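Colleague:
2 protein chains.
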Amino acid sequence: LSIFFERLAHRAQKISSQLCVGLDPLLDRLPADLPIEINSILKFNQAIIDATKDFACAYKPNSAFFEQYGQVGWQILKETIAYIPEDIPVILDVKRGDIGHTAQAYARAACDELGTDAVTLSPYMGLDSLKPFLDYQDKGAFVLCLTSNQSASELQGLQIANDKKPHHLYETVAQKAASTWNYNNNCGLVVGATHTEMLSNIRKIAPGSWLLVPGIGAQGGDLAAVLKAAKSPDGQSRFLINASRSILYASGGPDFAQAAAKDAKRIKDALAK
Amino acid sequence: LSIFFERLAHRAQKISSQLCVGLDPLLDRLPADLPIEINSILKFNQAIIDATKDFACAYKPNSAFFEQYGQVGWQILKETIAYIPEDIPVILDVKRGDIGHTAQAYARAACDELGTDAVTLSPYMGLDSLKPFLDYQDKGAFVLCLTSNQSASELQGLQIANDKKPHHLYETVAQKAASTWNYNNNCGLVVGATHTEMLSNIRKIAPGSWLLVPGIGAQGGDLAAVLKAAKSPDGQSRFLINASRSILYASGGPDFAQAAAKDAKRIKDALAK
Chain A
1 LSIFFERLAH
11 RAQKISSQLC
21 VGLDPLLDRL
31 PADLPIEINS
41 ILKFNQAIID
51 ATKDFACAYK
61 PNSAFFEQYG
71 QVGWQILKET
81 IAYIPEDIPV
91 ILDVKRGDIG
101 HTAQAYARAA
111 CDELGTDAVT
121 LSPYMGLDSL
131 KPFLDYQDKG
141 AFVLCLTSNQ
151 SASELQGLQI
161 ANDKKPHHLY
171 ETVAQKAAST
181 WNYNNNCGLV
191 VGATHTEMLS
201 NIRKIAPGSW
211 LLVPGIGAQG
221 GDLAAVLKAA
231 KSPDGQSRFL
241 INASRSILYA
251 SGGPDFAQAA
261 AKDAKRIKDA
271 LAK
Chain B
274 LSIFFERLAH
284 RAQKISSQLC
294 VGLDPLLDRL
304 PADLPIEINS
314 ILKFNQAIID
324 ATKDFACAYK
334 PNSAFFEQYG
344 QVGWQILKET
354 IAYIPEDIPV
364 ILDVKRGDIG
374 HTAQAYARAA
384 CDELGTDAVT
394 LSPYMGLDSL
404 KPFLDYQDKG
414 AFVLCLTSNQ
424 SASELQGLQI
434 ANDKKPHHLY
444 ETVAQKAAST
454 WNYNNNCGLV
464 VGATHTEMLS
474 NIRKIAPGSW
484 LLVPGIGAQG
494 GDLAAVLKAA
504 KSPDGQSRFL
514 INASRSILYA
524 SGGPDFAQAA
534 AKDAKRIKDA
544 LAK
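Chain order of the listed sequences is A and B. 97 is the number that our numbering gives to position 97 of the first sequence; each next residue is one higher, with no gaps. 380 is the number that our numbering gives to position 107 of the second sequence; each next residue is one higher, with no gaps.
Next comes the structure, spelled out in structure tokens:
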């Protein structure tokens with residue numbers, strides 16, 4: 001395993017948590033007692049991190065929610081990443097995918113400039129668009145495989161005609177991420193929680209890969225089925241379940257940090273069962 | 274046609290140019306007479322824009338090359354876009370693609386915060402990841418279809434099994450971009466110049482779509498074949514040929530702006546033949 005996935009496994013085991021806390025701040029959803037100004041976002045993020053750090057296996061700031069606030073947003077993203085305690089891995093959700101020399105610049109932005117430990121990537125352009133990230137041996141990457149949005153099936157669900165049996169595009173991605181793209185043992189997958197059966201298919205194709213699983217709603221209906229499908233055949237829990245808004249906006253009042261802590265603990269405990 | 278593609282067609286006709294000038298600045302390739310510091314990048318971009326504006330149908334700043342310089346880079350990107358003359362359309366090369374509410378934040382970042390006229394997008398997550406951009410009726414989008422990098426064929430070249438004849442993933446993307454994704458008539462395609470035959474296939478599937486074509490090297494070997502393949506069946510030139518490094522780095526000396534102008538004019542003239 002890469003240094004990143006070793007750190008992740010260590011952290012998950014140490015605090016018995018598979019919870020990834022997503023940081024997707026929105027100015028118009030800040031709690032009532034913070035002034036509605038961009039700098040409040042950093043204070044909000046810091047309060048959320050302080051409140052949830054005992055339950056978070058990892059944090060996942062989403063670049064889009066910072067970019068929308070321009071250069072100040074970018075600075076807050078950097079300070080948010082720097083604020084996360086050293087022993088908690090950070091996955092920067094950027095979903096980049098571009099030609100080699102451009103991907104190299106994106107990798108510098110995420111890994112060097114912002115100092116993240118891992119990123120999410122988009123696979124449409126193939127290996128040489130992922131390589132500049134995967135070449136960082138101490139960093140990790142999660143490649144989009146099966147996403148939880150409604151239109152996901154438009155491309156991801158297409159049947160591929162090959163000489164063996166037809167399979168789907170998302171399964172081809174899983175197969176590549178578990179083999180040729182995994183040359184540094186640092187390539188995981190993003191797999192939405194909305195289709196448990198497809199999650200099982202991916203786990204069969206990529207038994208040892210780390211999965212980043214968004215799409216568990218506040219209610220968490222099918223949680224037991226998702227956990228069963230996400231487990232590796234050897235019984236290891238090589239997955240993170242991401243929750244963002246249910247934690248960040250558990251309360252819109254002055255008790256937002258306590259409410260976030262309570263919700264993070266609730267999800268962590270539900271995952272540990 | 275959307276407002277964006279009308280503007281683009283108008284501009285192309287007015288100055289007889291299909292040239293898109295890519296702005297991919299690198300600190301370590303700045304001309305010798307500019308101090309090696311981040312603020313020189315803005316001066317460099319402004320000099321390049323001044324030198325090439327009579328030959329550029331559009332400009333395409335690439336977000337990655339600014340993001341690598343952090344918040345200062347983001348500010349320079351914004352000022353670069355603002356510096357481009359009002360009548361020249363700006364395509365921000367970001368290749369974003371994410372779930373709806375995140376795509377919405379990316380759209381705000383590109384369209385509202387940075388003020389671009391169009392963007393490039395990645396199609397792996399399907400329509401609802403593109404929609405927040407396409408919903409801007411006055412803006413345009415170019416969706417990745419066939420890219421010019423070596424690994425492009427890994428996914429884009431896969432054969433899709435359907436009930437008619439097998440076709441490739443990139444052709445499915447072209448077909449969607451020319452129909453369901455084009456509900457506001459503002460959805461174009463990114464098509465690399467490296468495979469002329471596939472470019473012809475795409476033009477058959479999407480006869481009226483605007484194509485953004487990168488991958489013409491400094492030498493421009495197959496230019497005639499590319500232009501023939503990119504033309505619409507009605508004879509209209511609904512395409513932009515992008516050139517970045519050959520123009521930006523035509524000279525590394527104090528004559529860099531004159532050299533850029535000369536190279537931009539050379540490519541514009543070659544495209545007009």
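For glycine and all other residues, C-beta sits at the position ideal for the given N, C-alpha and C. Just so you know, these numbers come straight off a predicted model, no measurement behind them.
Report, in whole angstroms, the separation of the C-beta atoms of residue 393(B) and residue 465(B), which I expect to be a contact under 8 Å.
Modeller: Not quite, the Cβ-Cβ distance comes to about 12 Å (not below 8 Å), so this is no contact.
Colleague: So the alpha helix (DSSP H) residue 380(B) belongs to, where does it begin and stop?
Modeller: Element bounds for residue 380(B): 373-380.
Colleague: For residue 492(B), would you say it is in contact with chain A, using Cβ-to-Cβ distances shorter than 8 Å as the test?
Modeller: Low per-residue confidence applies at residue 492(B): pLDDT is 45, beneath 50, and the placement is therefore not dependable enough to give any value.
Colleague: With distances taken between CB atoms, is the gap from residue 122(A) to residue 103(A) smaller than 8 Å?
Modeller: Not in contact: residue 122(A) and residue 103(A) (Cβ atoms no closer than 8 Å).
Colleague: Report yes if the C-beta distance between residue 323(B) and residue 363(B) is below 8 Å; otherwise report no.
Modeller: No, the Cβ-Cβ distance between residue 323(B) and residue 363(B) is not below 8 Å.
Colleague: So within the stretch 39-81 of chain A, which uninterrupted alpha helix (DSSP H) runs reach at least 4 residues, ignoring any that extend past its ends?
Modeller: As far as the stretch 39-81 of chain A is concerned, its whole alpha helix (DSSP H) runs of at least 4 residues are 39-52, 63-67.
Colleague: Does any residue of chain B have a CB that is nearer than 8 Å to the CB of residue 11(A)?
Modeller: No, residue 11(A) lies away from the interface with chain B (no Cβ there is under 8 Å from its Cβ).
Colleague: For chain A, find out if any of its Cβ atoms is closer than 8 Å to the Cβ of residue 332(B); answer yes or no.
Modeller: No, residue 332(B) does not count as interfacial toward chain A.
Colleague: Please tell me whether residue 198(A) has its Cβ less than 8 Å away from any Cβ of chain B.
Modeller: Taking Cβ atoms only, chain B never reaches closer than 8 Å to residue 198(A), which makes this a no.
Colleague: Check each residue of the stretch 19-39 of chain A: if its Cβ is closer than 7 Å to any Cβ of chain B, include it; give the result in chain order.
Modeller: Correct list: empty, as no residue qualifies.
Colleague: So is residue 435(B) buried or exposed if we call it buried at 16+ other beta carbons inside 10 Å?
Modeller: Label assigned to residue 435(B): exposed.
Colleague: If the criterion is Cβ atoms closer than 8 Å, does the pair residue 152(A) and residue 177(A) meet it?
Modeller: No, they are not a contact pair.
Colleague: Considering only their Cβ atoms, is the gap separating residue 271(A) from residue 18(A) smaller than 8 Å?
Modeller: Yes, the pair counts as a contact, with Cβ atoms nearer than the cut-off.
Colleague: Please work out which residues of its chain come closer than 6 Å, Cβ to Cβ, to residue 398(B), disregarding the five sequence neighbours upstream and downstream, and give them in chain order.
Modeller: Correct list, in chain order: 370.
Colleague: If residue 495(B) sits next to residue 519(B), beta carbons under 8 Å apart, how far is it from one beta carbon to the other, in whole angstroms?
Modeller: With a Cβ gap of about 15 Å, residue 495(B) and residue 519(B) do not count as contacting.
Colleague: The alpha helix (DSSP H) with residue 551(B) in it runs from where to where?
Modeller: Because chain B is modelled from 274 through 546, residue 551(B) falls outside the range shown and cannot be assessed.
Colleague: Which first and last residues belong to the alpha helix (DSSP H) in which residue 176(A) is found?
Modeller: Run containing residue 176(A): 169-177, per the alpha helix (DSSP H) assignment.
Colleague: Which residue wins for smallest C-alpha separation from residue 334(B), given the options 381(B), 388(B), 472(B), 523(B)?
Modeller: Per the Cα distances, 388(B).
Colleague: Would you kindly work out how many angstroms separate the C-alpha atoms of residue 407(B) and residue 459(B), rounded to a whole number?
Modeller: Their backbone Cα atoms lie some 7 Å apart in a straight line.
Colleague: Output yes or no for whether 8 Å exceeds the beta carbon distance between residue 342(B) and residue 319(B).
Modeller: The answer is no: Cβ separation not under 8 Å.
Colleague: Taking all protein chains shown into account, do 16 or more other C-beta atoms lie within 10 angstroms of the C-beta of residue 228(A), making it buried, or fewer, making it exposed?
Modeller: With fewer than 16 Cβ atoms within 10 Å of its Cβ, residue 228(A) is classed as exposed.
Colleague: Count the C-beta pairs between the stretch 513-530 of chain B and the stretch 301-321 of chain B that are closer than 8 Å, then say yes if the count reaches three, no if not.
Modeller: Yes: the two stretches touch, three or more of their Cβ pairs being nearer than 8 Å.
Colleague: Are residue 440(B) and residue 430(B) touching if we call contact CB-CB under 8 Å?
Modeller: No.
Colleague: State the start and end residues of the unbroken alpha helix (DSSP H) segment that holds residue 226(A).
Modeller: 223-230 is the span of the alpha helix (DSSP H), which, as asked, contains residue 226(A).
Colleague: Cα separation between residue 189(A) and residue 141(A)?
Modeller: Computed Cα separation, rounded: 8 Å.
Colleague: Could you run through the stretch 132-160 of chain A and flag, in chain order, every residue whose CB is less than 8 Å away from some CB of chain B?
Modeller: Those residues of the stretch 132-160 of chain A that come within reach of chain B (Cβ to Cβ, closer than 8 Å) are 144, 147, 148, 149, 150, 151, 152, 153, 154, 155, 156, 158, 159, 160.
Colleague: Within 10 Å of its beta-carbon, does residue 422(B) have 16 or more other beta-carbons around it, so buried, or fewer, so exposed?
Modeller: When all chains shown are included, residue 422(B) counts as buried.
Colleague: Need the endpoints of the beta strand (DSSP E) that residue 366(B) sits in, please.
Modeller: Residue 366(B) -> beta strand (DSSP E) spans 364-369.
Colleague: What span of residues does the beta strand (DSSP E) with residue 540(B) cover, start to end?
Modeller: That residue, residue 540(B), is in no beta strand (DSSP E); its alpha helix (DSSP H) goes 529-545.
Colleague: Straight-line CA distance for residue 201(A) to residue 175(A)?
Modeller: Cα-Cα distance, rounded: 11 Å.
Colleague: Would residue 340(B) pass as an interface residue toward chain A - the criterion being a Cβ-Cβ separation below 8 Å?
Modeller: Yes, contact with chain A.
Colleague: Report all residues from its chain with a CB closer than 8 Å to the CB of residue 325(B); omit the five preceding and five following residues, and keep chain order.
Modeller: If we look at residue 325(B) and ignore the five residues flanking it on each side, its Cβ neighbours are 294, 520, 533, 534, 537.
Colleague: With DSSP as the reference, label residue 458(B) as helix, strand or coil.
Modeller: Three-state DSSP puts residue 458(B) in coil, outside helix and strand.
Colleague: Any beta carbon of chain B sitting closer than 8 Å to that of residue 98(A)?
Modeller: Yes - at least one Cβ of chain B is within 8 Å of the one on residue 98(A).
Colleague: Between which two residues does the beta strand (DSSP E) harbouring residue 121(A) extend?
Modeller: That run of the beta strand (DSSP E) goes 118-121.
Colleague: May I ask which residues mark the beginning and end of the beta strand (DSSP E) holding residue 309(B)?
Modeller: Segment: none, residue 309(B) is in no beta strand (DSSP E) and carries neither H nor E.
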